[in-house]
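Quick notes on the structure that follows.
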Amino acid sequence: MQIWDLAGFSGFYINVARLFFLDARLVVWLLLYTDEFRGFFPETTKVKCLSDAGLFLDAIDVSWGHTIKNLFSGVVRLQGVQKNLPHFCTNHLDPTSCFFPQNLIAGIRTPLFILNTAYDSWQVQTSLAPSSADPHGFWHDFRLNHGKCTSSQIQYLQGGLTYEK
Numbered sequence: 001m002q003i004w005d006l007a008g009f010s011g012f013y014i015n016v017a018r019l020f021f022l023d024a025r026l027v028v029w030l031l032l033y034t035d036e037f038r039g040f041f042p043e044t045t046k047v048k049c050l051s052d053a054g055l056f057l058d059a060i061d062v063s064w065g066h067t068i069k070n071l072f073s074g075v076v077r078l079q080g081v082q083k084n085l086p087h088f089c090t091n092h093l094d095p096t097s098c099f100f101p102q103n104l105i106a107g108i109r110t111p112l113f114i115l116n117t118a119y120d121s122w123q124v125q126t127s128l129a130p131s132s133a134d135p136h137g138f139w140h141d142f143r144l145n146h147g148k149c150t151s152s153q154i155q156y157l158q159g160g161l162t163y164e165k
C-alpha cells in the first residue's frame, strides 16, 4: 500500500505528513512534486518536505564558465525533462535553468527545507572549481582539503567576484 492509498481511506486521518529525500540526485524530483504530494492530504494536515543536500547552484566557476549548467543542459536534452518542468519557471527561463533548485523554490507553496552545507565538497569539485576550469591548478589543494583555502579563494566563495589567478 502507498501513502496516497491511505490518504483516501475512509476514517483515516493523517495529522502530519513529511517527505524526506536524503539523496542529492532526487532533489529536483522533490521540488517538482512537493505540491502534488501536499495535494494527497486534507487542508488540515501539516505537510513539510526536507531535502538533505542537492541544492546544485547555477554558479559561475573559477574560469568564469558554466561547468555545471553545461552538464545539466546535456541531462535536460538527453532525458527530455523540459516537458515536466513547471510553467512558472519555463515561461521566463530556459529549461536548463529550470532544472536548478534555486529557480524552482519560489513557485513551491508547501513548506520546504533544504539542508545544504555552505561549501559542499561536491559543489566545489564539480561546479565551482572543477579541474577542467582550473588548468593551472590554483584550486587543486583546496579541492583536496578545504582547510588549505587562501583568503582570495574564501572571498570568491563568499560571493566576492574579485578572485585573480
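Residue numbering for the sequence shown follows full-length UniProt numbering, starting at 1 and increasing by one per position.
C-beta: ideal position from N, C-alpha, C; glycine also.
Owing to the predicted nature of the structure, the values given are computational and were not obtained by experimental measurement.
The closest CA to that of V16, considering only V27, L32 and C49, is found on C49.
Shown here, V62 sits in coil according to DSSP, grouped into three states, outside any helix or strand.
In the displayed model, C149 falls within coil according to three-state DSSP, outside both helix and strand. At a Cβ-Cβ threshold of 8 Å, T67 and P130 count as neighbours.
For the pair Q153 and P42, the Cα-to-Cα distance works out to about 49 Å.
In the structure shown, the three-state DSSP call for D94 is coil. Sequence-distant Cβ neighbours of S73 in its own chain, meaning closer than 6 Å and more than five residues away, are T96. Of all alpha-carbon atoms in T34, L71, V27 and F40, the one lying nearest the alpha-carbon of S132 is that of L71. Excluding sequence positions up to five before and after V81, its CB lies within less than 8 Å of the CB of V75, P95 and F99, all in the same chain and listed in chain order.
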